[in-house]
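Numbering (the working numbering), first residue to last: 34 to 290. Some notes on the structure that comes next.
Encoded structure:
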């Protein structure tokens with residue numbers, strides 16, 4: 034019950050922040066839409082006319098997942114940085130639920146709201162491009178949820194860095210291009226990326242949305258590797274965060290700006 038209350042409180046908090054800083058929210062969405070337009074018109078100008086539609090579909094799926102990866106995988110890092118800057122980070126440790134549970138509830142809330150935003154952006158992008166993807170949400174949802182668990186793990190790793198180093202804005206900005214590589218490169222081009230976070234989940238969803246693949250068309254091995262990948266990265270992320278948290282406490286720099 035306490036966890037549900039915590040999650041509800043953070044959902045309300047995130048919704049209020051989006052409304053309160055509405056110009057920033059709108060500008061962020063417009064920025065990513067303009068990035069999509071640049072990609073889309075680039076394909077129209079220099080792309081092969083015979084494969085323009087398929088290329089456009091790939092661009093839509095890839096850029097949508099890039100946006101999701103950035104929002105989710107760097108989310109707690111930005112949260113910790115902002116809390117430290119405001120001088121409120123140590124207050125999270127006054128909660129009986131523990132700071133990591135608060136941060137987890139916050140990233141779940143943020144991701145939920147971002148998924149709503151991404152769905153709207155997806156329809157706008159398809160309408161702009163004049164091409165439609167296979168939106169089989171019953172097939173997409175379970176794979177996406179498992180993939181997001183791995184994203185949370187990476188987010189906790191980055192948050193651990195923020196707990197120790199405080200200001201990691203430059204790293205977070207650079208990481209956007211790393212996330213782009215993870216979401217844009219298919220496994221058929223780089224099979225070894227199956228060990229990287231996110232890649233297999235994005236690849237499977239891409240197959241559903243572009244090639245109309247069903248859940249039953251994937252092998253048991255693909256589901257096992259996807260699940261293990263996400264669970265391992267989530268576990269590593271939590272362990273790294275706790276370790277960084279312990280180091281910060283031992284050095285007395287937990288709330289130091």
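Positions of the beta carbon are idealized from the N, C-alpha and C atoms, including for glycine. Here the structure is a predicted model, which means the values were calculated and not measured.
A distance below 8 Å separates the beta carbons of residue 173 and residue 241. DSSP places residue 107 in the coil class of the three-state scheme, outside both helix and strand. With fewer than 16 other beta carbons inside 10 angstroms of its own, residue 222 counts as exposed.
Annotation for residue 51: 58 and 146 place their beta carbon closer than 8 Å to its own, counting only its chain and skipping 5 residues before and after.
At the C-beta level, residue 116 and residue 130 stay beyond 8 Å of one another.
In the DSSP assignment, residue 158 falls within the alpha helix (DSSP H) that extends over 132-162. For residue 201, the CB contacts under 8 Å within the same chain, skipping 5 residues up- and downstream, are 110, 114, 191, 194 and 195 in chain order. A contact between stretches requires three or more CB pairs, one per stretch, nearer than 8 Å, and the stretch 157-171 fails this requirement with the stretch 208-218. Per DSSP, reduced to three states, the secondary structure at residue 225 is helical.
Note that the C-beta distance between residue 142 and residue 44 is below 8 Å.
A contact between stretches requires three or more CB pairs, one per stretch, nearer than 8 Å, and the stretch 272-289 fails this requirement with the stretch 249-261.
In this structure, 91 is the residue among 39, 91, 86 and 69 with its C-alpha nearest to the C-alpha of residue 237. Rounded to whole angstroms, residue 38 and residue 144 show a C-alpha spacing of 17 Å. When secondary structure is reduced to three states using DSSP, residue 102 falls in the helix class. Rounded to whole angstroms, the gap between the alpha carbons of residue 108 and residue 187 is 10 Å. Ranked by Cα distance from residue 89, the first of 97, 103 and 73 is 73. By the beta-carbon neighbour count (other beta carbons within 10 angstroms, threshold 16), residue 128 is exposed. Relative to the Cα of residue 257, the nearest Cα in the group 176, 65 and 99 belongs to 176.
Per the coordinates, the alpha-carbon of residue 213 lies some 8 Å from the alpha-carbon of residue 102. Distances from the alpha-carbon of residue 182 to those of 71, 105, 56 and 245 put 105 closest.
Nearest C-alpha to residue 133 among 216, 65 and 267: 267.
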